[in-house]
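One structure below.
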Ligand SMILES: Cc1cc2nc3c(=O)[nH]c(=O)nc-3n(C[C@H](O)[C@H](O)[C@H](O)COP(=O)(O)OP(=O)(O)OC[C@H]3O[C@@H](n4cnc5c(N)ncnc54)[C@H](O)[C@@H]3O)c2cc1C
Ligand SMILES: NC(=O)c1ccc[n+]([C@@H]2O[C@H](COP(=O)([O-])OP(=O)(O)OC[C@H]3O[C@@H](n4cnc5c(N)ncnc54)[C@H](OP(=O)(O)O)[C@@H]3O)[C@@H](O)[C@H]2O)c1
Ligand code: SF4
Ligand code: SF4
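In this note's numbering, the protein residues as written are 163 to 667.
Laid out in structure tokens, this is it:
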């Protein structure tokens, strides 16, 4: 039985380069790589050699015959991407003509005059920083110094990824290996902008790559959002993961219902943690303070609310599978789906296999008999209008406007609304980059303006300044997406070095 990619896939494409028969897609040079929710193995060409298993940093690839029960669905999901035959592919790329050999990724040596080593500063030590360092350290004459404001490295791989996602968190082992390279120095407790300026970095290094991520949340601008009892998922995630900026917060879990606004993967993480059996979290890296609070929690229902329809829900299919087939008790009101006749069209939409799978799985969940215990309810077509505040000034609910979904999949307000009681409202509507002293900032997108990683002042690249990760492209994509992103940025840095465009210190 062929090998299968499962939930933990973080899209770094290491398996693509390891597979001798090029059966893992999309590859980074195929057009839909940037939007794919995971990678998929073509069962008709996989020769079961196992090379991809060794290459995968998070243990996401398994032989089909050894899949545990809660991952069986991934057999169909992998195969489903390839259709019934090679001529019936789901990917837009024409796989009939794909090369039989996996793409190769060997770097050319650096072409530099003189023997002086190259010194590069990287600000941040999250996934994008680690992949940039790994890429730079492929060249023997390069030295890297990483500056990290926290006392422990690896950014959201440590302080974002949910504690129960053990396989995904194992990517930290890969970063530990990179960190052991003698040509890499990581200076922790060092915040650029507070302890050190960019000009000071210029005096020490030939180039600076900013990899500071998107540390804050997008603000939901509705009345009542600042009342006690309404908080961001960013702070809640930081709290349960022991992030020093959030570890001392307190969340009121004495109410029966928590509402989460937004239905991305972060919302699902938060919902899972809120409804998990605390004993099952005890052996994870969850903060002890958060665990103690979760043990006292009175929450019995977490309502995750999206403003658009289920076919375009922001959560990814692998995460929905993990929720539906794992330990979580997830429910969908059948009316949520029957109220949307156009969903049938989504299921038949050519090329949108993932949307069809999502809708099919949601239908399956909606038909399940209710289970007792803490439940995660998924609701759709509701936009937050107002956080409702009681006489004591704290949150006691939220008002949602009900939407219709137009032919393009956009939410259109119907003018009717519904109030939902809640003891805690968490906004999970995305992260946001913040401006960095000394660098330009695109306030609308929350990113540092750049051309393939070269920081731009207007349309002119600023000498020696580069950017990668969430602060380069915005807060989307998986851990592994940062690998391709950082490879691109390092490629630009390399071009500039070889062209003599950097002032070598
Ligand atoms: C809650 C959550 C859960 C996630 N779970 C998953 C998952 O399960 N699987 C998956 O594939 N992806 C997951 N992701 C996405 C993944 O974490 C991101 O794609 C990735 O972390 C972005 O990397 P980055 O390096 O750009 O930013 P970050 O990971 O945020 O790293 C930025 C680093 O820069 C440091 N820094 C910032 N400013 C400064 C400064 N001025 N000086 C020095 N240091 C600075 C920060 O402290 C931080 O360590 C998750 C994201 C979130 C928010
Ligand atoms: N396990 C994993 O692989 C994992 C775990 C966590 C995070 N991540 C990744 O990290 C990235 C960030 O995740 P995220 O969940 O923070 O962001 P996200 O995927 O962008 O989801 C944001 C959600 O907020 C909604 N939203 C935005 N503005 C809103 C508003 N004004 N009112 C109501 N709803 C609003 C969006 O709705 P619309 O869709 O309608 O815009 C969407 O449902 C994603 O790429 C995610 O896949 C991955
Ligand atoms: S088992 Fe071998 S042939 Fe199959 S996907 Fe993995 S590397 Fe490719
Ligand atoms: S995490 Fe990377 S190596 Fe593992 S399956 Fe996904 S893309 Fe392949």
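Heads up, the beta-carbon is just placed ideally off N, CA and C, and yes, glycines get one too.
What is the C-beta distance between residue i and residue j, in whole angstroms, given that I count them as a contact (C-beta under 8 Å)?
| i | j | result |
| --- | --- | --- |
| residue 333 | residue 641 | 6 Å |
| residue 273 | residue 660 | 5 Å |
| residue 215 | residue 165 | 7 Å |
| residue 555 | residue 390 | 7 Å |
| residue 535 | residue 476 | That belief does not hold up - the Cβ atoms of residue 535 and residue 476 are roughly 26 Å apart, past 8 Å. |
| residue 669 | residue 608 | Because residue 669 is not part of the residues shown, which for the chain are 163 to 667, the question remains open. |
Please check if any C-beta of chain C sits within less than 8 Å of the C-beta of residue i.
| i | result |
| --- | --- |
| residue 355 | Although the question refers to chain C, the structure presented lacks it and comprises just one protein chain. |
Return the chain-ordered list of same chain residues with a C-beta closer than 6 Å to the C-beta of residue i, the five sequence neighbours on each side being excluded.
| i | result |
| --- | --- |
| residue 352 | 309 |
| residue 600 | 360 |
| residue 232 | 487, 488 |
| residue 293 | 644, 645, 648 |
| residue 381 | none |
| residue 298 | 282, 304, 306, 652 |
| residue 198 | 188 |
| residue 323 | 330, 331 |
| residue 275 | none |
| residue 602 | 611, 619 |
| residue 456 | 440 |
| residue 650 | 614, 615 |
| residue 160 | Residue 160 is absent from the structure shown; the chain starts at 163 and stops at 667. |
Are residue i and residue j closer than 8 Å when you measure CB to CB?
| i | j | result |
| --- | --- | --- |
| residue 135 | residue 176 | As shown, the chain starts at 163 and ends at 667. That puts residue 135 outside it, with no answer to give. |
| residue 289 | residue 403 | no |
| residue 499 | residue 525 | yes |
| residue 411 | residue 401 | yes |
| residue 341 | residue 285 | no |
| residue 461 | residue 424 | no |
| residue 454 | residue 590 | no |
| residue 551 | residue 528 | no |
| residue 419 | residue 458 | no |
| residue 595 | residue 376 | yes |
| residue 346 | residue 295 | yes |
| residue 502 | residue 564 | no |
| residue 406 | residue 312 | yes |
| residue 163 | residue 245 | no |
| residue 354 | residue 399 | no |
| residue 667 | residue 357 | no |
| residue 593 | residue 379 | yes |
| residue 430 | residue 483 | no |
So, for residue i: in the same chain, excluding its five sequence neighbours on each side, which residues have a beta-carbon less than 8 Å away from its beta-carbon?
| i | result |
| --- | --- |
| residue 167 | 177, 186, 200, 201, 202, 203, 222, 223, 236, 240 |
| residue 571 | 470, 471, 473, 474 |
| residue 532 | 493 |
| residue 413 | 393, 398, 401, 455, 586 |
| residue 328 | 446 |
Quick check on this structure: which residue in the options has the alpha carbon closest to the alpha carbon of residue i?
| i | options | result |
| --- | --- | --- |
| residue 180 | 546, 491, 211, 605 | 211 |
| residue 371 | 459, 429, 479, 291 | 291 |
| residue 676 | 384, 407, 427, 440 | Missing from the structure shown is residue 676; the chain here goes from 163 to 667 and no further. |
| residue 320 | 279, 662, 449, 174 | 449 |
| residue 434 | 302, 621, 540 | 540 |
| residue 171 | 270, 452, 481 | 481 |
| residue 387 | 654, 557, 610, 520 | 557 |
| residue 519 | 356, 478, 379 | 478 |
| residue 194 | 173, 622, 350, 665 | 173 |
| residue 621 | 496, 604, 632 | 604 |
| residue 665 | 631, 497, 278 | 278 |
I'd like the list of long-range same chain contacts for residue i, defined as Cβ closer than 7 Å, with 5 residues on each side in sequence excluded.
| i | result |
| --- | --- |
| residue 421 | 465, 467, 560, 582, 584, 587 |
| residue 287 | 308, 310, 315, 316, 317, 348 |
| residue 562 | 467, 544, 545, 546, 547, 579, 580, 582 |
| residue 612 | 618, 629, 634 |
| residue 213 | 180, 181, 182 |
| residue 490 | 434, 437, 538 |
| residue 209 | 183 |
| residue 662 | none |
| residue 452 | 401, 402 |
Verify the contact flag: residue i, CB atom, against every heavy atom of ligand 5, threshold strictly below 7 Å.
| i | result |
| --- | --- |
| residue 223 | For ligand 5, the structure offers nothing, since it holds only ligand 1, ligand 2, ligand 3 and ligand 4. |
> Should the segment 364 to 380 be regarded as contacting the segment 621 to 629, the criterion being three or more beta carbon pairs within less than 8 Å?
Replying inline: yes
>> Three or more C-beta pairs under 8 Å: does that hold for the segment 335 to 353 against the segment 565 to 579?
In response: no
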